[in-house]
Amino acid sequence: MYEQIFELMKAQVSRKLDHLDKHLTYHCKEHTFDVLEQSIRIAKDEGVTNSHQLHLLKVAALYHDSGFLETYADHETHSCMLFLSEANRYSFTDEDKERITELIMATKIPQDPHNLLERIICDADLDYLGRDDFYKIGDTLRLEFLHYSIVGSDDEWEALQLKFLMSHHYHTHSSQQLREPVKQHHLKQLQ
């Protein structure tokens, strides 16, 4: 049952994400689907087997950055609003809606997750920090930040990236084991 509902939602969100601003080179459709994939992987690694919990996690991952369709600043709030505007057609309970919006809001930087599912989605959202494609993906974020004047130069970007890596930590045991060593390697290269 959950899988059919999720596939309908996934197709709908995918179509919407096709209309993201082309300058969202990091916060794009590919990022959303990467976070979805990593959420599923981390949940498995963390021993989450409850199909209902997995469904809530997957829906939150799917919608977590959909607010970029409306705004850059405070996009998480807009992601929640978009999800809530569509949730009733999929028969989510009020409790499910609350859990999903809490999961979406947990991805807001600085992250402060309060339960296992929130820790999973937070780690999935920043999974690339500890992967071999870190520099490739990081460059898409650099271009986005330059376009939206979040940084004004490559030097500013490098300083921000270094500061962020130094302050970041993974929240789940599996990400700490799998991703933290690679992230530390990237950090040493940047220092």
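Numbering-wise (the UniProt record's numbering), the sequence shown opens with residue 1 and increments by one. Glycine residues also receive a C-beta, built at the ideal position from the N, C-alpha and C atoms.
Assigned exposure category for residue i - 16 Cβ within 10 Å defines buried
i, result
"residue 15", "exposed"
"residue 44", "exposed"
"residue 172", "buried"
"residue 118", "buried"
"residue 170", "buried"
"residue 73", "exposed"
"residue 71", "exposed"
"residue 11", "exposed"
Cut-off 8 angstroms between Cβ atoms - residues of its own chain near residue i, not counting five sequence neighbours on either side
i, result
"residue 157", "142, 145, 146, 151"
"residue 20", "27, 28, 29, 68, 69"
"residue 48", "54, 57, 116, 117, 120"
"residue 179", "123, 127, 129, 130, 131, 170"
"residue 167", "110"
Supposed close pair residue i, residue j - CB separation, criterion 8 angstroms
i, j, result
"residue 130", "residue 59", "With 8 angstroms as the limit, residue 130 and residue 59 do not qualify as a contact, their Cβ atoms being about 25 angstroms apart."
"residue 75", "residue 35", "Actually they are not in contact, since the Cβ atoms of residue 75 and residue 35 sit about 14 angstroms apart, beyond 8 angstroms."
"residue 137", "residue 148", "With 8 angstroms as the limit, residue 137 and residue 148 do not qualify as a contact, their Cβ atoms being about 17 angstroms apart."
"residue 32", "residue 17", "6 angstroms"
Residue i vs residue j beta-carbon contact at 7 angstroms
i, j, result
"residue 160", "residue 100", "no"
"residue 68", "residue 24", "yes"
"residue 121", "residue 39", "yes"
"residue 51", "residue 2", "yes"
"residue 175", "residue 123", "yes"
"residue 125", "residue 107", "yes"
"residue 162", "residue 116", "no"
Cβ shell of residue i (< 6 angstroms), same chain only, five flanking positions each side left out
i, result
"residue 187", "165"
"residue 154", "none"
Own chain residues within Cβ distance below 7 angstroms of residue i, not counting five before or after
i, result
"residue 79", "63, 64, 65, 66, 67, 104"
"residue 97", "84, 87"
"residue 93", "none"
"residue 42", "120, 123, 124, 172, 174, 175"
| message | Ignoring anything shorter than 4 residues, give me the alpha helix (DSSP H) runs that lie fully in the stretch 61 to 120, in order along the chain. | response | 75 to 87, 94 to 106
| said: In chain order, what are the residue ranges of uninterrupted alpha helix (DSSP H) at least 4 long that sit wholly in the stretch 141 to 191? | reply: 154 to 167, 173 to 178, 180 to 190
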